[in-house]
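A short worksheet on the structure shown next.
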């Protein structure tokens, strides 16, 4: 790569010197007549340089695309992602065809219609048919692109299906906090930002009994494959952005304005390892909104697994109420009886991160084994 840059630099300097030389010639002859032969020679040289530049430019574009292709993301692991990719490459293809045609004509005409002795330029003021063609055709192509893009946006941003599995992801400087609905009711409880503290980082409202079995994690998000997933997105402090590149998921997390994004992950983590040939492959959720000095480290693992494995993993997790008994003081008196089964009998507090807390239980499950799924 260094050698290529060096060669391009030499070519650039040579072309710059040639341009300066030509400009100097023009300035020198500005006040006097120029011989007809010298004009022809100069135009032939410039016309040839135009064509050489165009051909080298096309070769450079093709080479850079083929070289960069190895760094492209693999095929999207979601239906909406593949649809988005198709529209992207369709737009790029149309733009590239238009670019090549217009620039080919530009450089070719510079060669074909260079100055020749005895030939006068034709006066060609208008051609309504030609103007109609180059106005209507791009308008039709643009309309098709806009319409197909609008349809894709409408479908992707539509309401999530009724059977979607709901998760909540909260961004704060500088990590993500994921809240899962408990296995007993599979419903996320209410939240209130005024309830946020060190023990309750997402502000879970324990006056809602659906919150009793909710559990949280700051290290990973487990989701089932082949099932609609709805992410409810919040931010505690500044702008963040949920980004799952391999699923083509991206949505801003805005303080005071909850957002959402639903998708279907149809390739498990294990399947992607086989597809990519990389046994260390792992999905990740990153932040793509610069949110401070620790922005670079704001990411967590995403584990996509089959429904049975996901259900088994969820059953092994402890509700936040169980791992942080101090939260029991926030339960209304009329609901304490219903919450009793989630509170530890000895009142001893366990780690609040569910993925870590599961290793402290007698089941012998480790974080590492949970992550491999």
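Residue numbers (full-length UniProt numbering): 1 to 373. Each residue gets a CB set at the ideal place from its N, CA and C atoms; glycine is no exception.
Is the beta carbon of residue i sitting closer than 9 Å to the one on residue j?
i, j, result
"residue 261", "residue 269", "no"
"residue 300", "residue 202", "no"
"residue 220", "residue 343", "no"
"residue 169", "residue 178", "yes"
"residue 234", "residue 259", "yes"
"residue 255", "residue 286", "no"
"residue 243", "residue 339", "no"
"residue 47", "residue 110", "yes"
"residue 248", "residue 152", "no"
"residue 108", "residue 51", "yes"
"residue 145", "residue 94", "yes"
"residue 288", "residue 74", "no"
"residue 138", "residue 164", "no"
"residue 240", "residue 172", "yes"
"residue 81", "residue 296", "no"
Going by alpha carbons, who is nearest to residue i out of the options?
i, options, result
"residue 313", "193, 236, 223 and 117", "223"
"residue 311", "108, 60 and 225", "225"
"residue 290", "167, 204, 315 and 174", "174"
"residue 22", "10, 6, 8 and 49", "49"
"residue 265", "8, 166, 88 and 76", "76"
"residue 330", "252, 192 and 3", "192"
"residue 252", "110, 232 and 263", "232"
"residue 96", "309, 316, 61 and 278", "61"
"residue 150", "196, 171, 167 and 87", "87"
"residue 55", "288, 41, 113 and 105", "105"
"residue 333", "341, 207, 306 and 139", "207"
"residue 200", "324, 8, 41 and 143", "324"
"residue 166", "136, 230 and 42", "230"
"residue 101", "124, 58, 274 and 279", "58"
"residue 180", "315, 123, 53 and 142", "315"
"residue 112", "308, 63 and 45", "45"
"residue 42", "115, 126 and 148", "115"
"residue 336", "250, 209, 194 and 283", "209"
"residue 284", "308, 250, 274 and 89", "250"
"residue 103", "308, 53, 309 and 119", "53"
Assuming residue i contacts residue j under a Cβ cut-off of 8 Å, what Cβ separation, rounded to an integer in Å, is found between them?
i, j, result
"residue 214", "residue 320", "6 Å"
"residue 79", "residue 161", "That belief does not hold up - the Cβ atoms of residue 79 and residue 161 are roughly 13 Å apart, past 8 Å."
"residue 176", "residue 298", "7 Å"
"residue 304", "residue 341", "About 31 Å; that fails the 8 Å criterion."
"residue 292", "residue 238", "7 Å"
Is the region 66-85 close to the region 126-143, with three or more CB pairs under 8 Å?
Too few Cβ pairs lie closer than 8 Å, so no.
Three or more beta-carbon pairs under 8 Å between the region 185-194 and the region 152-159, yes or no?
no
Please list the segments of the alpha helix (DSSP H) lying wholly inside the region 198-283, counting only runs of 4 or more residues, in order along the chain.
Segments of the alpha helix (DSSP H) lying fully in the region 198-283: 269-276.
Quick check for students: name the residue ranges of the beta strand (DSSP E) that lie wholly in the region 124-186, counting only runs of 3 or more.
165-172 and 175-180
Counting only runs of 4+ residues fully inside the region 30-118, write out the alpha helix (DSSP H) ranges in chain order.
36-68 and 79-112
Runs of beta strand (DSSP E) lying entirely within the region 288-316, each at least 3 residues, in chain order
299-305
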